[in-house]
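Student:
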Amino acid sequence: MTHDFAITTKSADETQRFGKEFAKKLSGGNVVSLYGDLGSGKTQIVKGICLGLGVTQTVNSPTFIIVNEYSSGQFPEIFHFDLYRMKTQDEILNMGFLEYIDSGSVVLIEWPEHVEDILPEGTIKIHISHTVEDENTRWIKLENPEK
Ligand SMILES: Nc1ncnc2c1ncn2[C@@H]1O[C@H](COP(=O)(O)OP(=O)(O)OP(=O)(O)O)[C@@H](O)[C@H]1O
Ligand SMILES: [Mg+2]
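Mapping of the sequence shown onto this note's numbering: position 30 corresponds to residue 79, and the numbering continues sequentially without gaps.
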C-alpha cells in the first residue's frame with residue numbers, strides 16, 4: 050500500500066485519475082475517510098476510486114440518503130457515505146455505521162469528522178483542498194497508517 054503522498058491536480062479529471070490509481074492498492078475491509086471543504090473534490094476522488102474498482106453505476110454524493118451502495122467486480126459491495134447532514138454520532142451509530150465498517154467491504158466516507166473517534170485504526174485518510182493558484186487546482190494529501 051502506498052505511503053504518505055501528496056499531489057496537485059489541475060482538473061476534476063486529474064483528481065479522478067488519482068482516485069483510480071489509488072484504488073489499485075485497496076483491499077476488502079479498507080476504510081477511506083475523505084476530508085475537505087464543500088466542493089473541494091471529495092466526490093471526484095470517490096468517482097475515480099469507484100472507476101478503478103470496476104463500478105459501472107453512476108457515483109454521486111449521497112447527501113440525502115447518507116449512504117450509497119455500489120457493486121464492483123472485486124468486492125461484494127462498496128459503501129459511500131456522506132455524513133455532512135448527520136448531526137450526532139448517535140444518529141450515525143443508529144444507522145448501523147459500525148456494521149458497514151465491519152462488513153469487509155471497501156468503505157468511503159465524506160465528512161468523516163463526526164465519526165473521527167470510531168474510525169478503525171487502519172483508516173486511510175485523504176485530504177483535498179482548494180489552492181490560491183487558481184479555481185481548478187487542488188492539493189491532495191494521502192495519509193496511510195500502513196507504513
Ligand atoms: N482539480 C480539481 N479536482 C477536483 N474537482 C475539481 C477540480 N477543479 C475543479 N473541480 C470542480 O470542483 C467540484 C468538486 O465537487 P465535489 O462534488 O467533488 O466536491 P465535494 O468535496 O464532494 O463536495 P461536498 O462536500 O459538497 O460533497 C466539481 O464541480 C469539480 O468539477
Ligand atoms: Mg461530495
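For every residue, glycine included, the Cβ atom is placed at its ideal position computed from N, Cα and C.
Along the chain, where does the beta strand (DSSP E) that runs through residue 159 open and close?
Tutor: Unbroken beta strand (DSSP E) run through residue 159: 155-159.
Student: Using beta-carbon positions only, say whether residue 141 and residue 131 come within less than 8 Å of one another.
Tutor: In this structure, residue 131 does not lie closer than 8 Å to residue 141 by Cβ.
Student: Please list the terminal residues of the continuous beta strand (DSSP E) segment that includes residue 66.
Tutor: That residue, residue 66, is in no beta strand (DSSP E); its alpha helix (DSSP H) goes 61-72.
Student: Let me check one thing: in DSSP terms, what residues is residue 54 bridge-paired to?
Tutor: Its beta-bridge partners are 191.
Student: With burial defined as no fewer than 16 other Cβ atoms inside 10 Å of the residue's Cβ, what is the status of residue 72: buried or exposed?
Tutor: Residue 72 is buried by the Cβ-count criterion.
Student: Helix, strand or coil for residue 146? Go by DSSP, reduced to three states.
Tutor: Here residue 146 sits in helix by DSSP.
Student: So residue 78 and residue 101 are supposed to be a Cβ contact under 8 Å. How far apart are they, rounded?
Tutor: Between residue 101 and residue 78 the Cβ distance is about 17 Å, and since that is not below 8 Å, they are no contact.
Student: Three or more C-beta pairs under 8 Å: does that hold for the region 82-100 against the region 168-185?
Tutor: Touching, yes, given that three or more Cβ pairs across the two stretches are closer than 8 Å.
Student: Under DSSP, the beta strand (DSSP E) around residue 177 begins and ends at which residues?
Tutor: Counting along the chain, the beta strand (DSSP E) containing residue 177 begins and ends at 173-179.
Student: Among 180, 181, 172 and 183, whose alpha-carbon lies nearest the alpha-carbon of residue 193?
Tutor: That would be 172, whose Cα lies nearest to the Cα of residue 193.
Student: Leaving out five residues on either side along the sequence, give the residues of the same chain with a beta carbon under 8 Å from the beta carbon of residue 64.
Tutor: Only 58, 90, 93, 94, 97, 177, 187 and 189 meet the Cβ criterion.
Student: Would you kindly check if the distance between the Cβ of residue 127 and the Cβ of residue 87 is under 8 Å?
Tutor: In this structure, residue 127 does not lie closer than 8 Å to residue 87 by Cβ.
Student: Please report the distance separating the alpha-carbon of residue 118 from that of residue 170.
Tutor: The alpha-carbon atoms of residue 118 and residue 170 are separated by roughly 23 Å.
Student: Have a look at residue 149 and residue 163 and give me their C-alpha separation to the nearest angstrom.
Tutor: Roughly 16 Å separates the two Cα atoms.
Student: Express the C-alpha separation of residue 60 and residue 191 in angstroms, rounding to a whole number.
Tutor: Taking the straight line from one Cα to the other gives about 18 Å.
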